[in-house]
Amino acid sequence: MESNTVAGFLLTILALCCVMPTLATDYTVGDTSGWTTNVDYSTWTSGKAFTTGDSLVFNYGAGGHTVDEVDASDYKGCTVGNSITTDSSGATKITLKTTGTHYFICGVAGHCASGMKLAVTVTGAASTTPSTSPTTSSSPTTTTPTTTTTPSTTSSESSSPTTMSPTIAIFFTSLAVFKFILSTMT
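Structure representation (structure tokens):
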């Protein structure tokens, strides 16, 4: 009977380890409108809590737009040519790996000035209380986000859940496996 309980516990922990890393949220920028002109991205970000590990999914016509991550100054002035990263594939997924404010613009002439600019403030995943004021920094984040060009079919979310670190989940799973092995040996 005890081995069934341990086996059930082990399977539960293993299932949690498989689910936990998937709790990060993919946000489809602009929802059904996508990454295009004449969308108010400031309104789109309001009410959303971006945390490290979440991803921004930009859907747009390939060749017609770009997704350029820029610093605060280039964002404010819609300055192109100094981007941290750039992509024009039509489906850009950027994982938010660092806290702080991340700035994105379309590098096609006139598009940023027409509203194709997005600023998101990212908090740490372990944080359970959202900040009441935006993060400001005198220097931009210099870490390059991961950019992939695979299309995403996920829907947008209004907030992301607090998650357990995958490392902690793996630790507890290993501990459970070790306990199970010891219990079968006696």
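Mature numbering (1 follows the signal peptide of the UniProt record, and there is no 0) puts the sequence shown at residues -24 to -1, 1 to 162.
Glycine included, C-beta positions come from ideal geometry on N, C-alpha and C.
For clarity, every value in this text was computed on a predicted model and none was experimentally measured.
Supposed contact pair residue j and residue i - C-beta distance, whole angstroms, cut 8 Å
| i | j | result |
| --- | --- | --- |
| Lys69 | Val33 | 5 Å |
| Thr42 | Val84 | 6 Å |
| Gly91 | Asp16 | 7 Å |
Proximity of residue i and residue j at Cβ, strictly below 9 Å
| i | j | result |
| --- | --- | --- |
| Thr27 | Thr99 | yes |
| Cys61 | Asp50 | According to the sequence shown, residue 61 is Thr rather than Cys. In this structure, Asp50 does not lie closer than 9 Å to Thr61 by Cβ. |
| Ala38 | Ser9 | no |
| Asn35 | Thr4 | yes |
| Val96 | Thr21 | yes |
Backbone CA spacing between residue i and residue j [nearest angstrom]
| i | j | result |
| --- | --- | --- |
| Cys82 | Gly23 | 23 Å |
| Leu94 | Thr77 | 10 Å |
| Thr139 | Asp30 | The predicted model places Thr139 with a pLDDT of 47, which falls under 50 and marks its position as unreliable; any figure quoted below should be read in that light. Roughly 11 Å between the two C-alpha positions. |
| Thr74 | Ala25 | 14 Å |
| Gly66 | Thr149 | 39 Å |
| Leu72 | Phe154 | 35 Å |
| Gly6 | Ile157 | 50 Å |
| Gly57 | Ala48 | 14 Å |
| Ser131 | Phe80 | The predicted position of Ser131 is uncertain, since its pLDDT is 38 and thus under 50; a value taken from the coordinates is nonetheless stated next. Each residue's Cα considered, the two are about 20 Å apart. |
| Thr108 | Ile146 | Its pLDDT being 43, under 50, Thr108 is placed unreliably in this model, and the value from its coordinates should be taken loosely. Straight-line Cα distance between these residues: approximately 33 Å. |
| Ala89 | Gly40 | 15 Å |
| Ser18 | Leu(-2) | 25 Å |
| Gly53 | Asn14 | 18 Å |
| Leu151 | Ser59 | 45 Å |
Original post:
In the region 47 to 85, which residue ranges form an unbroken beta strand (DSSP E) of at least 3 residues, counting only runs that do not cross its ends?
Top reply: Listed in chain order, they are 61 to 63, 67 to 71 and 76 to 81.
Original post:
Counting only runs that start and end within the region 11 to 50, where is the alpha helix (DSSP H) found for 4 or more residues in a row?
Top reply: Annotation: the region 11 to 50 contains the following complete segments of the alpha helix (DSSP H) (minimum length 4 residues), in chain order: 17 to 21.
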